[in-house]
Amino acid sequence: RRRTVLVCGLPVPVRGGSLGLLLGVLNVGGDGVELLLGWTIAAYIPTIPPPVLLLGGEQGSAKSTTTRTIVSVADPSPAPVRAQPKDVESWLVAASGSWVVGIDNVSAITTWFSDCLCRAATGAGLVRRKLFTDSEIAVVAIRRAIILNSIDIGALRGDLGDRIVIVDLEPIPPDKRRSEADLDAVLNRDRPRVFGALLDVLAAVRQELPNVQLREHPRMADFARVLAAMDL
């Protein structure tokens with residue numbers, strides 16, 4: 012696809028790194044580690060529709076920082092997080108410019124936004140009237156890797172709930188907090204080795220995927236297969 016102003020270049024990968032370098036700048040633990048890393052790996056596989064990643068947690072749990080970090084690793088952008096769109100047109104503008112779309116401080120999921128997120132997760136099309144016409148229509152089909160963060164997103168429609176992976180972040184104690192400048196400096200220093208480690212895992216996952224057999228097939232079965240391949 013074409014590169015827009017919302018997309019920056021990826022670093023030249025360097026061997027010898029580990030995913031621990033990435034986890035060292037993220038506020039995630041427990042089962043969230045596997046889900047977050049699995050989602051990041053799935054975002055590198057264009058043939059697999061990744062679920063919508065929802066980062067939840069109280070104020071002070073680094074939801075926005077975590078969103079920016081994952082976007083900067085998966086699809087670097089000068090605008091890694093964006094405001095919640097107000098309508099379908101603003102959503103299409105926000106989503107069309109980059110592969111990974113980070114939406115910050117989501118307050119509620121309206122019906123139209125829920126539908127847009129579902130369609131973007133699976134690559135289904137949106138039918139819209141062409142601008143400056145009365146009857147002509149345009150079909151916009153985009154598939155994107157989407158990250159949302161929210162303190163309390165409220166109730167989710169069933170179809171979106173089936174397409175969401177939730178990772179809850181714990182509040183960071185005052186004595187454990189780090190400045191964004193410090194985190195950015197560490198990540199920028201280690202970025203080539205982090206990227207190299209991600210590519211090593213990606214290569215191993217792609218090699219194992221043909222051998223993965225699931226006992227049950229959930230709604231986002233392709234993502235479940237990625238998680239299973241990471242466990243092999």
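For the sequence shown, the working numbering gives the first residue as 12, with consecutive numbering after it. Quick reminder that beta carbons are idealized off the backbone N, C-alpha and C, glycines included.
#1: Rounded to a whole number of angstroms, what is the C-alpha to C-alpha distance between Met231 and Leu238?
#2: From the DSSP output, which residues share a beta bridge with Asn160?
#3: Which partner residues of Gly113 appear in the DSSP bridge assignment?
#4: Skipping 5 residues on each side, what residues in its chain have a beta carbon closer than 6 Å to that of Ser109?
#5: If contact is defined by three or more beta carbon pairs under 8 Å, each pair taking one atom from either stretch, is the segment 208–218 in contact with the segment 70–77?
#6: Helix or strand or just coil, what does DSSP make of Leu225?
#7: In chain order, which alpha helix (DSSP H) runs of at least 4 residues are fully inside the segment 81–107?
#8: Could you tell me whether the Cβ atoms of Leu244 and Val44 are closer together than 8 Å?
#9: DSSP on Leu37, reduced to helix/strand/coil?
#10: Buried or exposed: which applies to Pro229, given that a residue is buried once 16 or more other Cβ atoms fall within 10 Å of its Cβ?
#11: Can you name, in chain order, every residue of its own chain whose Cβ lies under 6 Å from the Cβ of Arg187, other than the five neighbours on each side?
#12: Can you tell me whether Ser161 is buried or exposed, with buried defined as 16 or more other CB within 10 angstroms of its CB?
#13: Specify whether the segment 199–216 and the segment 25–33 touch according to this definition: at least 3 beta carbon pairs, one from each stretch, less than 8 Å apart.
This is what the structure gives:
#1: If you number the sequence shown from 1, residue 231 lands on position 220. If you number the sequence shown from 1, residue 238 lands on position 227. If you take the alpha carbons of Met231 and Leu238, they lie about 11 Å apart.
#2: For the purposes of this step, residue 160 is identified with residue 149 of the sequence shown, where counting begins at 1. Answer is Leu66, bridged to Asn160.
#3: Within the sequence shown, residue 113 is the residue found at index 102, counting from 1. Paired residues: Ile158.
#4: In the sequence shown, the residue the question calls residue 109 occupies position 98. Result list for Ser109: Leu17, Val18, Asp86, Ser88, in chain order.
#5: At 8 Å Cβ cutoff, the stretches do not touch.
#6: Numbered from 1 along the sequence shown, position 214 holds the residue referred to as residue 225. The answer is coil: DSSP assigns Leu225 none of H, G, I, E or B.
#7: Runs of the alpha helix (DSSP H) inside the segment 81–107: 99–107.
#8: Any property of residue 244 remains undetermined from this structure, which presents the chain solely from 12 to 243.
#9: Locating residue 37 in the sequence shown gives position 26, where the first residue counts as 1. DSSP, read as helix, strand or coil, puts Leu37 in coil.
#10: Counting from 1 along the sequence shown, the entry for residue 229 is found at position 218. Pro229 should be labelled exposed.
#11: Taking the sequence shown and counting its residues from 1, one reaches residue 187 at position 176. Checking the sequence, you will find Lys at residue 187 rather than Arg. So the list is empty, once near-sequence residues are dropped.
#12: Numbered from its first residue, the sequence shown carries residue 161 at position 150. The residue is buried, with at least 16 neighbouring Cβ atoms inside 10 Å.
#13: Counting C-beta pairs closer than 8 Å gives three or more between the segment 199–216 and the segment 25–33, which meets the contact rule.
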